[in-house]
Amino acid sequence: MNKEPSFFQLSAFLVSLLLLGLFFTLLFFDQEKKKDDIRVLSDHIVSNFQAGLSYEMADLLSFSLALSEDGKLKNALIAEDEDKGYEILSNISKRFKKYTHLKSLRLQVLTPDFSIFSRSWDKGFEGMPLQWFREDLDTLLLNQKPKVGMETGRMLTFKATIPIRSGKNILGYLEVIKLIDEFALKLRKRGIELYALMDERHLKQAPLMRDFPYLHDYVIANQNFNKQFIENIKSIDWKELHQKHYIYAHNILYLLEPMYNGKGKKIGQYLLVLSKDALKRYEKGNQLVSFFTQFSDEDIKKVVASWGKAHNGYHSEYDKDLIASFPKLQIQDKKELEGKVREILHAYTKSELIDIILHNRHQEDKRGVIK
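Per the working numbering, the sequence shown starts with residue 1059, numbered consecutively.
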């Protein structure tokens, strides 16, 4: 005859069941909290990445505007002296590679019909037409205004293209080019590995990239990518990553962001990868500090100094004064102010930000006199 369970046994069973339920409830909420933390951290990293990307564009555009006023370069264009153009560009490039952070800097001058006039890094291509594989140059035919963006071509690079003028006449176009590898290295110092993935269809106009490795029908455009994570990347659910834009798997965070050119056309993806150690460092030390803060104060001062007065692009003088004060603050104060700075910058359209930069009052090189 079976004995009925005693009150003690029944109570013990119910308590065990309750504790088990409590355990799984706590486990569930712990997992949900981790997911929420990952989502918040992912949004923060992506926001900082976009800010850093915008800074690269603004920095390149400002630099290009200054060089486009070089009097000697204008004289070389007027005289159609290609050798002199090469000498000028080569010397500028060497000087900036030696004394600044622009280590992959390349300069080239195009004629008004978009043929190569001179390059800083190569001779023998003078007269070569570029328009057939540079879709981005069509924009200049329409508005003849400076432009900047991540552009496809023989390589995938940051390009700023500036009209070189003598009065109202366009003598040609100056292009300042920078490899994305330099930006990837800057991110690596912050614990983020970058894979610049260009759509395969652009290979028809990028002969120098045809031997570059592939990843999910994309060409890995930066040659200094970290090979260590390739097998991990291939093992994750690529469709899920496309849908969610982030995946956290095996203690590694993967972030996927669309890559657009200067015309706003999608040309690929940016894949950001953070290892377990990088995530720990980021969470402990950098979670509240943006890339905007991490770019040197000197960098920020340089950009702010190049912006014009309120009526030349700013919505208000307050905006300029607030951002200009940013480099002067202590780290804790920067953390508190960052949200306000970001809010201000997000209120500006891309065109407005470019207009602000274009009002930079660069000093012309007075040593060259236009004949």
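Just so you know, even glycine gets a beta-carbon here, dropped at the ideal spot from N, CA and C.
For K1181, the closest alpha carbon among the candidates R1246, A1218, E1145, I1235 is that of E1145.
By the Cβ criterion, the stretch 1311-1326 is not in contact with the stretch 1230-1238, since fewer than three pairs of Cβ atoms, one from each stretch, lie closer than 8 Å. From the listed residues N1133, V1277, R1339, L1099, the smallest Cα separation to S1224 is found for N1133. Taking C-beta atoms as the reference points, V1206 and M1317 fail to come closer than 7 Å. Burial check for S1100: the Cβ neighbour count within 10 Å reaches 16 or more, so the residue is buried.
If you look at E1145, you'll find it isn't in any beta strand (DSSP E); it sits in the alpha helix (DSSP H) that goes 1140-1157. A straight-line Cα-Cα distance of about 17 Å links Y1113 and K1161. Between the stretch 1190-1208 and the stretch 1319-1327, the count of C-beta pairs closer than 8 Å reaches three or more; the two stretches touch. In the DSSP annotation of this structure, I1250 is not part of any beta strand (DSSP E), being labelled neither H nor E.
With distances taken between CA atoms, R1248 lies nearest to L1330 out of L1330, G1211, L1195.
In the three-state DSSP reduction, N1227 falls in the strand class (E or B). The count of Cβ pairs closer than 8 Å, one atom from the stretch 1185-1192 and one from the stretch 1292-1305, stays below three, leaving the stretches out of contact. If you draw a 10 Å sphere on the C-beta of Q1166, you find 16 or more other C-beta atoms in it, and that means buried.
Proximity to T1158 across L1118, S1176, F1172 peaks at L1118, based on C-alpha coordinates.
Going by beta carbons, T1215 and E1233 fall outside the 7 Å limit.
Listed in chain order, the non-local C-beta contacts of F1121 below 7 Å within the same chain comprise V1234, local neighbours out to five positions each way being set aside. In its chain, beyond the 5 residues on either side, R1212, M1213, L1214, M1256, L1261, V1277, A1279 have a beta carbon closer than 8 Å to the beta carbon of M1267. Per DSSP, the unbroken beta strand (DSSP E) holding E1209 starts and ends at 1205-1209. The beta carbons of L1168 and Y1231 sit closer together than 7 Å.
I1222 sits in a strand when the DSSP states are folded into three classes. Taking 7 Å as the cut-off, the Cβ atoms of E1140 and S1176 count as close. In the DSSP assignment, E1127 falls outside any beta strand (DSSP E), carrying neither H nor E. By the neighbour-count criterion, in which a residue is buried when 16 or more other Cβ atoms sit within 10 angstroms of its Cβ, D1194 is buried. Closest in alpha carbon position to N1309, among I1291, I1325, G1326, is I1291. Just so you know, the alpha carbons of S1293 and L1243 end up roughly 25 Å apart. In its chain, beyond the 5 residues on either side, I1294, D1295, E1298, L1299, L1311, Y1312 have a beta carbon closer than 8 Å to the beta carbon of I1305.
Shown here for L1229: same chain residues with a beta carbon closer than 8 Å to its own, the five before and five after excluded, namely K1132, L1135, I1136, P1170, I1222, R1223 in chain order. Following the DSSP letters along the chain, one finds L1313 inside the beta strand (DSSP E) bounded by residues 1310-1318. Membership of Q1301 in any beta strand (DSSP E) is not indicated; the residue belongs instead to the alpha helix (DSSP H) covering 1296-1302. The criterion of a C-beta distance shorter than 7 Å is not satisfied by T1210 and I1288.
R1177 carries a strand assignment under DSSP once its states are collapsed to helix, strand and coil.
Distance check between N1284 and each of K1155, D1275, L1245 places L1245 closest, using alpha-carbon atoms only.
Around the beta-carbon of Q1327, 16 or more other beta-carbon atoms lie within 10 Å, marking it buried.
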